[in-house]
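Visitor: As you go down the protein sequences, you meet chains A and B in turn.
Numbering of the first sequence is given in the working numbering, commencing with residue 380 and proceeding in unit increments.
Numbering of the second sequence is given in the working numbering, commencing with residue 380 and proceeding in unit increments.
Number of protein chains: 2
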Amino acid sequence: MKDFKRLSQRQQHMLRFLQSYTQEQGYPPSIREIGEEVGIGSTSVVNYNLNRLVDAGYIERAGRVSRGLRLIADIPGSPAASKVVALPAVPRVPHVGLIAAGEPISLPEDIAHHIDEDDYIGLPQHMLGGLDESEVFALTVRGDSMIDAMIQDGDIVILRRQNTAENGEMVAAWLPEDGETTLKHFYREKERIRLQPANQAYQPILVHPSNCEIKGKVLSVLRSFR
Amino acid sequence: MKDFKRLSQRQQHMLRFLQSYTQEQGYPPSIREIGEEVGIGSTSVVNYNLNRLVDAGYIERAGRVSRGLRLIADIPGSPAASKVVALPAVPRVPHVGLIAAGEPISLPEDIAHHIDEDDYIGLPQHMLGGLDESEVFALTVRGDSMIDAMIQDGDIVILRRQNTAENGEMVAAWLPEDGETTLKHFYREKERIRLQPANQAYQPILVHPSNCEIKGKVLSVLRSFR
DNA sequence: TTGACGCTAAAACAAATGTTCGCTATACTT
DNA sequence: AAGTATAGCGAACATTTGTTTTAGCGTCAA
Chain A
380 MKDFKRLSQR QQHMLRFLQS YTQEQGYPPS IREIGEEVGI GSTSVVNYNL NRLVDAGYIE
440 RAGRVSRGLR LIADIPGSPA ASKVVALPAV PRVPHVGLIA AGEPISLPED IAHHIDEDDY
500 IGLPQHMLGG LDESEVFALT VRGDSMIDAM IQDGDIVILR RQNTAENGEM VAAWLPEDGE
560 TTLKHFYREK ERIRLQPANQ AYQPILVHPS NCEIKGKVLS VLRSFR
Chain B
380 MKDFKRLSQR QQHMLRFLQS YTQEQGYPPS IREIGEEVGI GSTSVVNYNL NRLVDAGYIE
440 RAGRVSRGLR LIADIPGSPA ASKVVALPAV PRVPHVGLIA AGEPISLPED IAHHIDEDDY
500 IGLPQHMLGG LDESEVFALT VRGDSMIDAM IQDGDIVILR RQNTAENGEM VAAWLPEDGE
560 TTLKHFYREK ERIRLQPANQ AYQPILVHPS NCEIKGKVLS VLRSFR
């Protein structure tokens, strides 16, 4: 731990307040709220001391962002400050159902449809690409539009949950207007998004960005025979 | 749990974003940030949907407070509030190196470079096909002779240790006379064995049974991107 | 003394951010 | 057809909130 006692009384007070406030409210306090708590009438003084705490490595600040405070070091005396480090040996990610990788199969529902069935699949962490298991989920592929990308019907794809994608990445995209989720290569073009299958037999899907919601990008693939 | 699927796409999206953003940043997103993420141009629409989420019991809002959002219900799939279930032991199978699936490559010693573990690789047991871990081992594929079978360079194949094979099965075969191990489809013909690649560009290997030692048959395949 | 430095103030400023208010559109109900 | 509820948009508005500026005070060393 850092040299907590090196800090002034005020700064210690501020740290404690930041920690407890954030825990209770779910969001960090504003500069003025901190000032009121600690007994500082001037925002600049609070600001000054916050920067001091940044220097000391206790917090991080997001510039020009309301309540952009983040505690990054444990402070003595507060129990729940530390994040849980000990993780279970086997990461388990939710297996949320099927995804169309061909003629858009109208799925029963959104991904979220299946998501609450706790259908979890254990994965070795080397397949998570260093990500936390909570960021990752799995889908079973239906259809053969991605065979040129070495993905066939029945494969399980592991995805990282994210809403954006880089060109060329393989993503699961939700098309609200069509009510379908599909697995394609992602390409952002001028005014539209191209979802490119990896199979000569299929045409790319061209949609407006507003009708394309990225659900995640493919991290790995997994297939069992028989 | 609440009826997550009852929510509109947007609302689900917002919830997920709130959860992930808060977790990543340490503080909740602003209305405009949510709007940008979800693709809403008007703050009032975000506001509207936030209030809807409040009604649905998913979040709480602090009036007139920047980023005054608080998630009060679990959202399926991603929550960090995951309950720990029983964790099975991780089967670990030996990762014994590279296998040629193309022009027989004389194995260099750069065995398992991208596998961080020593020689073992953790696997979920659903990829073991119900077998004991001691029966199973893993190989990294080199070459592209099996691309028509959806296996490409760099893939890791999981095999069951066995000395025989049925026609059509994908096996790892040791060719004593050539000092090579190769990954091919297995076919027993009259007086010889045909090791058939799954790539038009490659010729089958025809060998006498005495010069063909089956090491194992492929159970599953595993691939990571990037 | 003078000057550098740590700390505190107060006020003004600028940006971020929540709130409100018309207005439109669609679907469903009466 | 009129009415109502849901959903959405855009713009103006009002606060909140972070940033900056200027200044006062005390300590310590040169």
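The beta carbon of each residue, even a glycine, is placed where N, CA and C say it ideally should be.
Candidates A:Gln541, A:Tyr581, A:Tyr566, A:Trp553: which alpha carbon is nearest A:Ser524's?
Guide: Ranking A:Gln541, A:Tyr581, A:Tyr566, A:Trp553 by Cα distance to A:Ser524 puts A:Tyr581 first.
Visitor: If you check the beta carbons only, do B:Pro407 and A:Tyr406 fall under 8 Å apart?
Guide: Yes, they are a contact pair.
Visitor: Could you give the DSSP three-state label for B:Glu403: helix, strand or coil?
Guide: Looking at B:Glu403 - three-state DSSP - the assignment turns out to be helix.
Visitor: With DSSP collapsed to three states, give me the class of B:His587.
Guide: Note: B:His587 maps to coil in three-state DSSP.
Visitor: Could you tell me whether the stretch 584-591 of chain A touches the stretch 528-536 of chain A, using the rule of 3 or more Cβ pairs below 8 Å?
Guide: No contact exists between the stretch 584-591 of chain A and the stretch 528-536 of chain A.
Visitor: For B:Arg395, which of helix, strand or coil comes out of DSSP?
Guide: DSSP places B:Arg395 in helix when its eight states are reduced to three.
Visitor: Need the endpoints of the alpha helix (DSSP H) that A:Thr519 sits in, please.
Guide: It is not in any alpha helix (DSSP H) - A:Thr519 instead sits in the beta strand (DSSP E) that spans 515-521.
Visitor: Suppose the cutoff is 7 Å on Cβ atoms and the five residues either side in sequence are ignored; what does the same chain contact list for A:Lys596 look like?
Guide: Hits under 7 Å: Leu538, Arg539, Gln541, Ala544, Glu548, Met549, Val550.
Visitor: Which residues mark the beginning and the end of the alpha helix (DSSP H) in which A:Thr422 is found?
Guide: Looking at the DSSP string, the run of the alpha helix (DSSP H) that includes A:Thr422 is 422-434.
Visitor: What does DSSP give as the partner residues of B:Tyr566 in its beta bridges?
Guide: B:Tyr566 is bridged to B:Arg573.
Visitor: With distances taken from CA atoms, which of B:His587, B:His564, B:Leu429, B:Asn426 is nearest B:Arg571?
Guide: With distances taken between Cα atoms, B:Arg571 lies closest to B:His587.
Visitor: Can you pull the chain B neighbours of A:Asn542, defined as C-beta to C-beta under 9 Å?
Guide: Within 9 Å Cβ-Cβ: His392, Arg395, Phe396, Ser399, Glu416, Val417.
Visitor: Between the stretch 515-524 of chain B and the stretch 559-570 of chain B, do at least 3 Cβ pairs fall closer than 8 Å?
Guide: Contact between the stretch 515-524 of chain B and the stretch 559-570 of chain B is present, because at least three Cβ pairs lie under 8 Å.
Visitor: Quick check: A:Leu574 and A:Ala552, are their CB atoms within less than 8 Å of each other?
Guide: Yes, they are a contact pair.
Visitor: Using a Cβ-Cβ cut-off of 6 Å (strictly less than) and excluding sequence neighbours within five positions of A:Ile535, which residues of its own chain qualify?
Guide: Cβ within range, chain order: Ala517, Thr519, Leu601.
Visitor: Is the Cβ-Cβ distance between B:Met393 and B:Val417 less than 8 Å?
Guide: It is a contact, given that the beta carbons lie within the stated cut-off.
Visitor: Taking the CB atoms as reference points, tell me whether A:Gln391 and A:Arg431 lie closer together than 8 Å.
Guide: Cβ atoms of A:Gln391 and A:Arg431: not closer than 8 Å.
Visitor: Is there a Cβ of chain B sitting closer than 8 Å to that of A:Val600, yes or no?
Guide: It does; some Cβ of chain B falls within 8 Å.
Visitor: Since A:Leu554 meets chain B, which of its residues come closer than 8 Å, beta carbon to beta carbon?
Guide: Residues of chain B passing the Cβ test: none, with the nearest at roughly 10 Å.
Visitor: Check each residue of the stretch 407-437 of chain A: if its Cβ is closer than 9 Å to any Cβ of chain B, include it; give the result in chain order.
Guide: Of all residues in the stretch 407-437 of chain A, Pro407, Ser409 have a Cβ within less than 9 Å of some Cβ in chain B.
Visitor: Can you grab the Cα-Cα spacing for the pair B:Val443 / A:Tyr566, in whole Å?
Guide: Note on identity: in this sequence residue 443 of chain B is Arg, with Val being the wrong assignment. Each residue's alpha carbon lies about 40 Å from the other.
Visitor: Whole angstroms are fine: how far does the CA of A:Glu514 sit from the CA of B:Ser457?
Guide: Unreliable positioning characterises B:Ser457 in this predicted model, as indicated by a pLDDT of 49, which lies under 50. The coordinate reading is nonetheless provided below. Answer to the nearest angstrom: the Cα atoms are 6 Å apart.
Visitor: State the Cα-Cα distance for the pair A:Leu554 and A:Ile413, rounded to the nearest angstrom.
Guide: The alpha-carbon atoms of A:Leu554 and A:Ile413 are separated by roughly 44 Å.
Visitor: Going by C-alpha distance, which of A:Ser387, A:Tyr437, A:Phe604, A:Ser603 is nearest A:Leu397?
Guide: Cα-wise, what sits closest to A:Leu397 is A:Tyr437.
Visitor: Out of B:Arg385, B:Val433, B:Asp434, B:Leu448, state which residue places its alpha-carbon closest to the alpha-carbon of A:Glu403.
Guide: The option with the nearest alpha carbon to A:Glu403 is B:Leu448.
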